[in-house]
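Participant: Numbered per mature numbering (1 follows the signal peptide of the UniProt record, and there is no 0), the sequence shown spans residues -26 to -1, 1 to 604.
Every residue gets a Cβ at the ideal spot worked out from N, C-alpha and C, and that includes glycine.
Dropping a structure here in structure tokens format, bear with me for questions.
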Amino acid sequence: MGPLPVHFSPLLALILSFLLAHPCSSIRPQVVERASSPEQPQPSGNTTGKPVCAGEVVCRPGVLLPVWLPLNPPLGEQAGRAIVYFACLMYIFLGVSIIADRFMASIEVITSQEKEVTITKANGETTVTTVRVWNETVSNLTLMALGSSAPEILLSLIEVIGHNFDAGVLGPSTIVGSAAFNMFVIIGICVWVIPNGESRKIKHLRVFFITAFWSIFAYIWLYLILAVISPGIVEVWEAIVTLLYFPVCVVLAWIADRRLLFYKYMHKRYRADKRHGIVVEMEGDLEPKGIDMIMDGKLSDGASCAGNSSSVSVQTGNELDQNKDEVVRILKDLKEKHPDKDLDQLIEMANYSALVHQKKSRAFYRVQATRLMIGAGNVLRKHAAEHSRRSAGQDADKATCSHICFESAQFQCTENCGSLSIGVILEGGTGQNTFYVDYCTENGSANAGADYDFTKGTLVFKPGEGRKEIKVGILDDDVFEEDEHFFVRLQNLRLEEGGGEGTGTPPQARLVEPLQATITILDDDHAGIFTFSQRVLRVSESTGTLKVTVVRNSGSRGTVSVPYRTEEGSAKAGVDYEEARGEVEFTNEQTSQVLQVRIINVAEYEKQENFFIVLEDPKWLKRGLSGKCY
């Protein structure tokens, strides 16, 4: 029997909360008071005048756990009953926790929904940005809070309704106690476990101030309505006002997160290192996100970005290649540490390593803790193993189904190249069928007829053929302009005899990513702008040689030499890396070059360290038509 659908989670949590109710706290508890006999003396310690029950109270049997008869067993039997009741309580507790975690996982699926936004920069380069539909602050204060507190909320509702809206001893105390535990114990542990010599910073300080204020105010307000305004009674207006405080808190936190209203006029401090081009925000992430850095919801290069800036991530074609390099680096390190492992095991370990370093939500940590507590295993390892199995399944699919795609998602050419050949490959399959696939060009910042020739047609893969080329004419001019781009798309795959994608029979071929290729036309009427392909590189000591790519944008005319040098940070030259100083030479129309730095592998444990590579002013070696380079 497979796992239950996630939309059953709230219902099952409600049912289990019914079952969890203590026998003395049933939906309609009936108590039978056995009155004391007239000759029994009253307790002498009662001087308050309030009635005191001197007899026994017999509770109605519970829904799941009945009253264990007889009622007055010996002391040893009472201890045995206590152990049995405690074991049953723990079993039900774990059951409620598992169901609540399924509910939590379904909420995380909702709040992690993303949409893609295409950003075109001033130089024509495009980046595809993924933006969360849900604001992170709003989701944490609403759905995430509901999911993490679902058992307490449902238990309180059951008790209040079952007692004709008289507060019991379990529900309200559970909610208030859980909030107090989160505020004092969990925050205290989070501060205490920070290693010596390290520090942590609050990511959204303004939001923290808002939520901290409301957390303290909630206790003050509860005290006022329960002990001062109407002692022992919660009036209707008090309940309504208390409920309205919640959307007010969420709205204020959202305003603080988005820097709306008066927040946008507040002074914001930045610390800049102009030598290295790094800007560190005094409040927020320690590492730059997006293309360069994100400040107040805008990318540093001037391209606006929708959505919450804290939830923006960019996946460009270059970054996809960088991610592949990262996977290769991880595999290399794992192979050195585990030479006896086969490739499939190393891939699974690499996937697990990548997942470990990803940002996690509070839902993940709650589910992970429950799974470890009940012996269900590590969710990250299972996800990595499942990913490896899916990858193996895709490889097995190639045995019977051909995969057609572009050789790469990114192509580059200069204006004066005349034409560009774009490779399309066919992999896998039986090699006995003929396939047809249509292609066409689409405008980006480059326009058909002005920058390139509009091209469309059909590629034919005959049996035994594995590669075809699409040729697109590139139009040249002598006017300096920013780099521009356009797209080529594959579509409408079909089989000569039928049976391709979209038919009822098993497909003989399918289109796989990348289905769209981005072609960047580099302007050759300018010497170019030289930058690193990545602002931050992370490598292990066992890497040996660090390779850093220097790219040339906005022109490629002439031969240019770019001096570079290393500069110490927390890593020291001669100890952690070998000092490097030299020049990288770009020939005419060359757009990228690689420089190398030797990393020294130290046997002893060290914390993460960093150093810098600085590009200096370019120098002409052979001048082209333009006289500028940067």
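Roughly how many whole angstroms lie between the Cα atoms of residue 590 and residue 388?
Facilitator: Position 616 of the sequence shown, counting from 1, holds the residue named residue 590. Position 414 of the sequence shown, counting from 1, holds the residue named residue 388. Between residue 590 and residue 388, the C-alpha separation is close to 25 Å.
Participant: Taking C-alpha atoms, which residue in 377, 189, 568 lies nearest to residue 535?
Facilitator: The residue you call residue 535 lines up with position 561 of the sequence shown. That would be 568, whose Cα lies nearest to the Cα of residue 535.
Participant: Is residue 269 helix, strand or coil by DSSP?
Facilitator: Position 295 of the sequence shown, counted from the first residue, corresponds to residue 269. Low local confidence applies: a pLDDT of 29 at residue 269 is under 50, so the model's placement there is unreliable, with the coordinate-based value given in what follows. Reduced to three states, the DSSP call for residue 269 is strand.
Participant: Could you say if the stretch 409 to 427 and the stretch 520 to 531 meet the contact criterion of at least three C-beta pairs nearer than 8 Å?
Facilitator: Not touching, per the Cβ criterion.
Participant: From what residue to what residue does the alpha helix (DSSP H) around residue 176 run?
Facilitator: The residue given as residue 176 occupies position 202 in the sequence shown. Neither: residue 176 is in no alpha helix (DSSP H) and is coded neither H nor E.
Participant: Which of helix, strand or coil does DSSP assign to residue 656?
Facilitator: As shown, the chain starts at -26 and ends at 604. That puts residue 656 outside it, with no answer to give.
Participant: In angstroms with no decimal places, state the Cα-to-Cα distance between residue -3 and residue 136.
Facilitator: Within the sequence shown, numbered from 1, the residue matching residue -3 stands at position 24. Within the sequence shown, numbered from 1, the residue matching residue 136 stands at position 162. Residue placement at residue -3 is flagged as unreliable, the pLDDT there being 42, under the threshold of 50; the coordinate-derived value follows with that caveat. Computed Cα separation, rounded: 12 Å.
Participant: Rounded to whole angstroms, what is the Cα-Cα separation between residue 587 and residue 311?
Facilitator: In the sequence shown, the residue the question calls residue 587 occupies position 613. In the sequence shown, the residue the question calls residue 311 occupies position 337. So the alpha carbons of these two residues sit roughly 29 Å apart.
Participant: Since residue 484 and residue 377 should fall inside the 8 Å C-beta cutoff, what is the C-beta to C-beta distance between them, to a whole number of angstroms?
Facilitator: Taking the sequence shown and counting its residues from 1, one reaches residue 484 at position 510. Taking the sequence shown and counting its residues from 1, one reaches residue 377 at position 403. Correct: roughly 6 Å between the Cβ atoms.
Participant: Assign residue 379 to buried or exposed, taking buried as 16 or more other Cβ atoms, counted over all protein chains shown, within 10 Å of its Cβ.
Facilitator: Against the sequence shown, residue 379 aligns to sequence position 405. Buried, by the Cβ-count rule.
Participant: Where does the unbroken alpha helix (DSSP H) through residue 133 begin, and where does it stop?
Facilitator: What you label residue 133 is simply residue 159 of the sequence shown in a count that begins at 1. Residue 133 -> alpha helix (DSSP H) spans 124 to 136.
Participant: My output table needs one value for residue 111: the three-state DSSP class, helix, strand or coil.
Facilitator: Your numbering for residue 111 matches position 137 in the sequence shown. Reduced to three states, the DSSP call for residue 111 is helix.
Participant: Mapping the DSSP letters down to three states, classify residue 160 as helix, strand or coil.
Facilitator: Position 186 of the sequence shown, counting from 1, holds the residue named residue 160. DSSP places residue 160 in helix when its eight states are reduced to three.
Participant: Can you tell me where the alpha helix (DSSP H) holding residue 441 begins and where it ends?
Facilitator: As a working note, residue 441 is residue 467 in the sequence shown. Where residue 441 is concerned, there is no enclosing alpha helix (DSSP H), although the beta strand (DSSP E) it sits in stretches over 441 to 447.
Participant: Going by DSSP, what residue range makes up the beta strand (DSSP E) through residue 412?
Facilitator: Translated into positions along the sequence shown, residue 412 becomes position 438. Segment 409 to 417, the beta strand (DSSP E) holding residue 412.
Participant: With a threshold of 8 Å, are at least 3 pairs of Cβ atoms found where one atom belongs to the stretch 159 to 175 and the other to the stretch 184 to 195?
Facilitator: With the cut-off at 8 Å, the stretch 159 to 175 and the stretch 184 to 195 do not touch.
Participant: With DSSP as the reference, please indicate the residues paired to residue 538 in a beta bridge.
Facilitator: Position 564 of the sequence shown, counted from the start, is the residue given in the question as residue 538. Note: residue 538 sits in a beta bridge opposite 556, 589.
Participant: Taking the DSSP output, what are the residues bridged to residue 503?
Facilitator: What you label residue 503 is simply residue 529 of the sequence shown in a count that begins at 1. 527, per the DSSP bridge assignment.
Participant: Is the CB-CB distance between residue 444 and residue 399 below 8 Å?
Facilitator: Residue 444 sits at position 470 when you count from the first residue of the sequence shown. Residue 399 sits at position 425 when you count from the first residue of the sequence shown. No, Cβ-Cβ distance for residue 444 and residue 399 is not below 8 Å.
Participant: According to DSSP, residue 458 sits in a beta bridge with which residue or residues?
Facilitator: In the sequence shown, the residue the question calls residue 458 occupies position 484. Answer is 495, bridged to residue 458.
Participant: Cα separation between residue 133 and residue 144?
Facilitator: Residue numbering aside, residue 133 sits at position 159 when the sequence shown is read from its first letter. Residue numbering aside, residue 144 sits at position 170 when the sequence shown is read from its first letter. C-alpha separation (whole angstroms): 8 Å.
Participant: For residue 129, is the classification buried or exposed, using 16 other Cβ atoms within 10 angstroms of its Cβ as the cut-off for buried?
Facilitator: Stepping through the sequence shown from its first residue, residue 129 is reached at position 155. With 16 or more other Cβ atoms within 10 Å, it is buried.
Participant: On a CA-only basis, which of 551, 514, 564, 178 is nearest residue 574? Give me that one, please.
Facilitator: Start at 1 with the first residue of the sequence shown, and residue 574 comes out as number 600. The shortest C-alpha separation from residue 574 is found at 551.
Participant: Could you compute how far the alpha carbon of residue 460 sits from the alpha carbon of residue 555?
Facilitator: The count along the sequence shown starts at 1 and reaches residue 460 at position 486. The count along the sequence shown starts at 1 and reaches residue 555 at position 581. Their Cα atoms are separated by approximately 38 Å.
Participant: Taking all protein chains shown into account, do 16 or more other C-beta atoms lie within 10 angstroms of the C-beta of residue 576, making it buried, or fewer, making it exposed?
Facilitator: Taking the first residue of the sequence shown as position 1, residue 576 is located at position 602. Flag for residue 576 reads exposed.
Participant: Please name the residue, chosen from 447, 405, 458, that lies closest to residue 437 on a Cα-to-Cα basis.
Facilitator: Within the sequence shown, the letter at position 463 stands for residue 437. Among 447, 405, 458, the Cα nearest to that of residue 437 is on 405.
Participant: Count the CB pairs spanning the stretch 102 to 121 and the stretch 155 to 168 that are closer than 8 Å, and state whether there are at least three.
Facilitator: Short answer: they don't touch.
Participant: Can you find the residues in the same chain that come closer than 7 Å, C-beta to C-beta, to residue 157, ignoring five residues on each side of it along the sequence?
Facilitator: Position 183 of the sequence shown holds residue 157. Excluding residues within five positions, the ones whose Cβ falls inside 7 Å are 189.
Participant: Identify which residue in 558, 584, 510 has its Cα closest to the Cα of residue 541.
Facilitator: As a working mapping, residue 541 is identified with position 567 in the sequence shown. Residue 584 is the option with its Cα nearest to residue 541.
Participant: Can you list, in chain order, the residues of its chain with a C-beta nearer than 6 Å to that of residue 466? Leave out the 5 residues immediately preceding and following it.
Facilitator: For the purposes of this step, residue 466 is identified with residue 492 of the sequence shown, where counting begins at 1. The residues are 412.
Participant: Here's the rule: buried if 16 or more other CB atoms are within 10 angstroms of the residue's CB, otherwise exposed. What is residue 409?
Facilitator: Walking along the sequence shown from the start, residue 409 turns up at place 435. With 16 or more other Cβ atoms within 10 Å, it is buried.
Participant: From what residue to what residue does the beta strand (DSSP E) around residue 433 run?
Facilitator: Here residue 433 is taken as the residue at index 459 of the sequence shown, counted from 1. Start and end: 430 to 435.
Participant: Where do the ends of the alpha helix (DSSP H) carrying residue 399 lie?
Facilitator: On the sequence shown, position 425 is the one that residue 399 refers to. First-last for residue 399: 393 to 401, but that is the beta strand (DSSP E), not the alpha helix (DSSP H).
Participant: Tell me, to the nearest whole angstrom, how far the beta carbon of residue 547 is from that of residue 553; I am working on the premise that it is less than 8 Å.
Facilitator: The residue labelled residue 547 in the question sits at position 573 within the sequence shown. The residue labelled residue 553 in the question sits at position 579 within the sequence shown. The Cβ separation is near 4 Å, so the contact holds.
Participant: Short of 6 Å in beta carbon distance, which residues of its chain neighbour residue 180, apart from the five on each side in sequence? Order them along the chain.
Facilitator: For the purposes of this step, residue 180 is taken as the residue at position 206 of the sequence shown. These residues qualify, in order along the chain: 230.
Participant: Using a Cβ-Cβ cut-off of 6 Å (strictly less than) and excluding sequence neighbours within five positions of residue 595, which residues of its own chain qualify?
Facilitator: Start at 1 with the first residue of the sequence shown, and residue 595 comes out as number 621. Counting only Cβ-Cβ distances below 6 Å, and skipping sequence neighbours, we find 533, 535.
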